[in-house]
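Numbering (our numbering), first residue to last: 59 to 497. Glycine residues also receive a C-beta, built at the ideal position from the N, C-alpha and C atoms. What you are looking at is a predicted structure, and each value in this text was computed from that prediction instead of being measured. Here is the structure we will look at, set down as structure tokens.
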């Protein structure tokens with residue numbers, strides 16, 4: 059006689075992750091906070107393929123024919139636009155969220171590779187300015203650390219209206235990361251949780267933004283390019299408004315963009331994927347007749363040279379990386395596996411950046427942990443990574459017969475899924491079909 063056993067099935071709606079989150083919420087009475095960006099599966103650059111050249115087009119020989127990578131950012135109005143050797147920049151991550159050595163390492167690595175880094179919320183540190191050949195100063199709703207002298211010291215200004223991980227929401231820095239130095243830079247009490255505003259205090263719309271951009275130009279003698287950064291949501295309209303307000307460069311951050319800390323419900327349920335945002339931004343620029351004269355920087359989930367090349371083929375002039383840069387410095391390294399386990403995490407999964415207990419010394423203000431990161435070695439690692447991204451992107455561009463990364467175009471791409479084809483506005487592989495109507 060056989061004994062039947064029940065077949066146990068996990069609920070698709072109430073899976074173990076959802077059950078655990080309900081239990082955690084019931085136990086603590088607070089929402090979950092983390093970093094690392096969206097973790098849900100989303101259509102992404104992996105869902106696109108390049109059409110390499112063979113007969114109808116000829117590829118370039120890698121060892122004999124050039125494929126250039128330089129980019130000029132901000133030449134619409136600024137007297138001194140940024141001339142970068144590569145189109146991969148470092149996104150804004152604050153001193154406070156990151157340690158002092160981490161910010162210095164980002165400056166060193168970016169400078170060695172010939173690109174720019176960005177301050178983030180909380181102001182400009184002397185180490186970062188000293189090691190950054192091209193430094194973009196973020197002008198955020200909080201105004202933490204903002205002063206006209208640092209605006210003039212910067213090479214460009216980025217007016218932040220939103221981030222991909224939390225469009226419509228403000229930032230957060232827990233008290234354990236607000237040391238004496240961080241507190242002094244931000245004019246905050248030491249050791250007290252800080253929440254940044256979600257909107258700028260002195261304007262309510264695009265007309266006010268135009269006035270603010272003009273004010274920033276006057277403060278800096280019309281020398282510095284002015285970027286406007288938006289979290290990808292209503293991208294088509296936001297890009298048009300940013301251009302009409304006077305932006306030299308528009309930065310679009312998709313929902314895969316990481317952050318030091320925000321609510322998980324924000325990260326996973328607000329915004330649109332980077333892949334969906336790029337064609338909307340490009341269409342807005344094209345309709346205004348400024349595509350390429352107003353540069354587009356895309357961020358949110360950029361990891362490889364293939365991602366760089368695909369973003370540029372869809373119409374971006376450059377990309378920005380954040381999470382990938384921290385990994386390059388040494389974050390989530392298996393070398394610290396035992397210590398990650400001690401704080402109930404694991405190498406490759408650590409996302410509690412807000413706690414300030416990062417064993418790698420990157421997302422912390424603990425002096426003992428921070429000193430573990432050698433900024434010279436971290437900068438070397440980051441520069442290596444940036445060079446590899448660039449070489450990978452060049453390899454793909456040459457395979458498509460292009461002598462410059464900016465010459466990549468949508469017709470060099472096809473999509474593997476219906477969703478990616480509809481979002482990226484490129485044909486489904488093996489067909490001429492682009493699903494959906496107008497974007």
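Residue state for residue 398 is assigned as helix, using DSSP reduced to three classes. Secondary structure note for residue 325: its alpha helix (DSSP H) is the uninterrupted segment 322–327. CA-CA distance, residue 200 to residue 93, rounds to 20 angstroms. A straight-line Cα-Cα distance of about 7 angstroms links residue 221 and residue 315. Excluding the 5 residues flanking it on each side, residue 295 has same chain C-beta neighbours closer than 8 angstroms at 342, in chain order. Shortest Cα-Cα distance from residue 337 to any of 489, 142, 479 and 486 involves 479. Here residue 106 is near residue 482, since their CB atoms are less than 8 angstroms apart. Residue 77 carries a helical assignment under DSSP once its states are collapsed to helix, strand and coil.
Our two residues, residue 353 and residue 306, have alpha carbons roughly 7 angstroms apart in a direct line.
Taking a cut-off of 8 angstroms for Cβ pairs, the segment 365–378 and the segment 391–399 do not touch, as fewer than three such pairs fall below it. When the beta-carbon positions are compared, residue 213 and residue 192 come within less than 8 angstroms of each other. In this chain, the beta strand (DSSP E) harbouring residue 376 covers 376–379.
For residue 326 and residue 186, the gap between their C-alpha atoms comes out near 31 angstroms. Separation of residue 489 and residue 292 (C-alpha to C-alpha, rounded to the nearest whole angstrom) is 29 angstroms. In this structure the segment 115–130 touches the segment 441–461; the number of beta carbon pairs closer than 8 angstroms is three or more. Beta-bridge annotation (DSSP): residue 302 is not paired with any residue. Put simply, the backbone Cα of residue 116 is about 8 angstroms away from that of residue 457. Look at residue 311 here: in three-state DSSP terms it is strand. When secondary structure is reduced to three states using DSSP, residue 83 falls in the helix class.
Residue 387 and residue 439 have their C-alpha atoms roughly 6 angstroms apart.
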